[in-house]
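Per numbering that gives the first Met the number 0, the sequence shown runs over residues 0 to 333.
Okay, structure first, notes after.
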Amino acid sequence: MEFLGSHLLSVDQLSREDVELVITVAQRLEPVARRRKITRALEGAVLASLFLEASTRTRLSFGSAFSRLGGAVRETVGLTFSSMAKGESIADTARVISGYADIMTIRHPEAGSVAQFAHASLVPVINAGDGAAEHPTQALLDIYTIEEEFAARNKRLDGSHILFVGDLKYGRTVHSLIKLLSLYDKMTFTLLAPELLSMPDPIVELVQARGHHVIQRNALPVTPEQVDVVYTTRIQRERLQGEQIEGYSRDFHVNTAFVNEVGDASTIIMHPLPRDSTPASNDLSTDLDADPRLAIFRQTDRGIPIRMALFALILGVSDNIEATYRDPSWRVSP
Ligand code: NCD
């Protein structure tokens with residue numbers, strides 16, 4: 000895709016070359032993400048951030064990424080505090096906000112809603128999550144994480160085996176990620192989910208049509224092979240439509256014993272977060288917290304360079320950005 004001036008609404012817009020370009024720019028921006036360098040490349044630019052659903056890391060990392068490029072961030076959070084609570088349409092809201100800003104990031108509870116915002120906006124719109132549909136920037140930071148973690152272990156993404164565990168029906172992060180991973184070669188995907196929360200058929204069919212091997216399971220044991228990535232998810236309670244699911248059964252509880260069963264020392268464990276810490280949830284276990292295979296916080300850190308890369312590409316400052324680097328004047332913590 001042409002990033003300059005474009006909306007980013009779905010991973011369907013991206014080719015493998017596009018993913019590689021975003022990763023290359025993200026790698027170049029790592030010194031800024033790690034506060035070793037500062038840049039004012041987006042000085043004067045304004046990001047309007049509209050989050051109509053709960054968020055911690057996506058909203059703050061988009062805002063931090065834009066600030067670290069030198070731009071300013073203006074936000075409205077929660078449906079009740081925006082004029083949509085007064086009955087304003089998506090089209091009117093989008094047109095109004097696009098008069099105030101150079102780019103928008105939007106999270107909304109309905110699938111397809113962010114595309115409606117984009118349709119009425121005068122400036123580029125980035126989808127920060129639309130219902131159960133898509134979360135393209137999370138998928139990009141997930142692929143960046145897999146690439147970096149694999150490089151450190153002398154592994155390649157092509158031909159690897161990814162195990163997705165949990166709410167594969169309503170988890171938008173896994174929908175975007177499996178589609179993006181299917182741009183790579185000869186992948187194997189094992190999908191472990193309770194029957195009620197299985198991956199939607201159209202996504203499975205798309206991945207199979209691209210020549211990948213898909214194994215679907217509702218219980219352990221999942222596979223005789225060793226998997227390279229365990230990607231686990233939270234039950235998306237807020238999206239359940241009558242499914243009677245209080246928490247996962249122990250089959251879906253990703254803990255040290257689970258990872259040792261399906262993987263080896265080079266397996267990495269990922270989760271888009273938040274993990275559900277309520278007792279019956281059986282979400283990702285804290286018994287893995289000191290395990291070097293657990294990549295979840297390295298994964299969240301990589302949201303900054305990826306989101307900076309997208310802003311830089313869409314707003315046209317990615318070339319030669321290093322020429323603008325200066326040293327920070329404050330004491331930077333490690
Ligand atoms: C996810 C989301 O909002 O889709 N979180 C995130 O953005 N990292 C996953 C979730 O809420 O479970």
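We put the beta carbon where it would ideally sit given N, CA and C, even for glycine.
1) When the Cβ atoms of the segment 21 to 41 are set against those of the segment 307 to 324, are three or more pairs found closer than 8 Å?
2) Locate the beta strand (DSSP E) running through I267, then write down its first and last residues.
3) Rounded to a whole number of angstroms, what is the C-alpha to C-alpha distance between L196 and L121?
4) Where do the ends of the alpha helix (DSSP H) carrying F2 lie?
5) With distances taken Cα to Cα, identify the nearest neighbour of A192 among D157, G158 and R233.
6) Using a strict less-than 7 Å threshold between each residue's beta carbon and the heavy atoms of the ligand NCD, what residues do you get?
7) Assign N254 to one of three DSSP states: helix, strand, or coil.
8) Let me make sure I understand the geometry here. Which of F65, S54, T57 and T55 has the alpha-carbon closest to that of L46?
9) Quick check on the DSSP output: the beta strand (DSSP E) that includes G62 runs from which residue to which?
10) Tell whether a beta-carbon distance below 7 Å holds between Q215 and L180.
11) Go ahead and label Y169 buried or exposed: buried means 16 or more other beta carbons lie within 10 angstroms of its beta carbon, across all protein chains shown.
12) So what's Y230 in DSSP terms, helix, strand or just coil?
13) From the DSSP secondary-structure annotation, give me the bridge partner or partners of M103.
14) What number of angstroms, rounded off, separates the C-alpha of A151 from the C-alpha of R209?
15) Here's the rule I'm using: 16 or more other beta-carbon atoms within 10 Å means buried, otherwise exposed. How should S248 be labelled?
16) What three-state label does DSSP hand H118 in the structure shown?
17) How many angstroms separate the CA atom of D129 from the CA atom of A256?
18) CA-CA distance, S48 and S112?
19) Does A294 pass the burial test, meaning 16 or more other C-beta atoms within 10 Å, or should it be called exposed?
20) At which residues does the alpha helix (DSSP H) containing L20 begin and terminate?
21) Have a look at A279 and N254 and give me their C-alpha separation to the nearest angstrom.
22) Is N281 near G246, with beta carbons less than 7 Å apart?
23) Check H174 in the structure and name its three-state DSSP category.
24) Smallest Cα separation from L239: which of G302, D166 and I320?
25) Please go through the same chain and pick out, in chain order, the residues whose beta-carbon is closer than 7 Å to the beta-carbon of I145, but skip the five residues on each side of it.
26) Helix, strand or coil: how does DSSP classify D200 here?
27) Grab the span of the alpha helix (DSSP H) containing E74 for me, first residue to last.
28) Mapping DSSP to helix, strand and coil, what is L41?
29) Give me the Cα-Cα distance between A71 and L41, rounded to the nearest whole angstrom.
30) Using beta-carbon positions only, say whether R39 and G4 come within less than 7 Å of one another.
31) What is the DSSP secondary structure of V331, reduced to helix, strand or coil?
32) Does Q215 come out as helix, strand or coil in the three-state DSSP assignment?
33) So, is Y230 buried or exposed, given that buried needs 16 or more other C-beta atoms within 10 angstroms?
34) Return the first residue and the last residue of the alpha helix (DSSP H) that V95 is part of.
To lay it out plainly:
1) yes
2) I267 to M269
3) 38 Å
4) Looking at the DSSP string, F2 is not in any alpha helix (DSSP H), and its letter there is neither H nor E.
5) R233
6) S54, R56, T57, G128, H134, Q137, G170, R171, T172, T232, R233, Q235, P271, L272 and P273
7) coil
8) F65
9) No beta strand (DSSP E) holds G62; the alpha helix (DSSP H) holding it covers R56 to R67.
10) no
11) buried
12) strand
13) A47 and V124
14) 28 Å
15) exposed
16) helix
17) 34 Å
18) 15 Å
19) buried
20) R15 to R27
21) 14 Å
22) yes
23) helix
24) D166
25) L156 and V228
26) helix
27) Taken as a continuous stretch (DSSP letters only), E74 belongs to no alpha helix (DSSP H), being part of the beta strand (DSSP E) at A71 to V76.
28) coil
29) 9 Å
30) no
31) coil
32) strand
33) buried
34) I89 to S97
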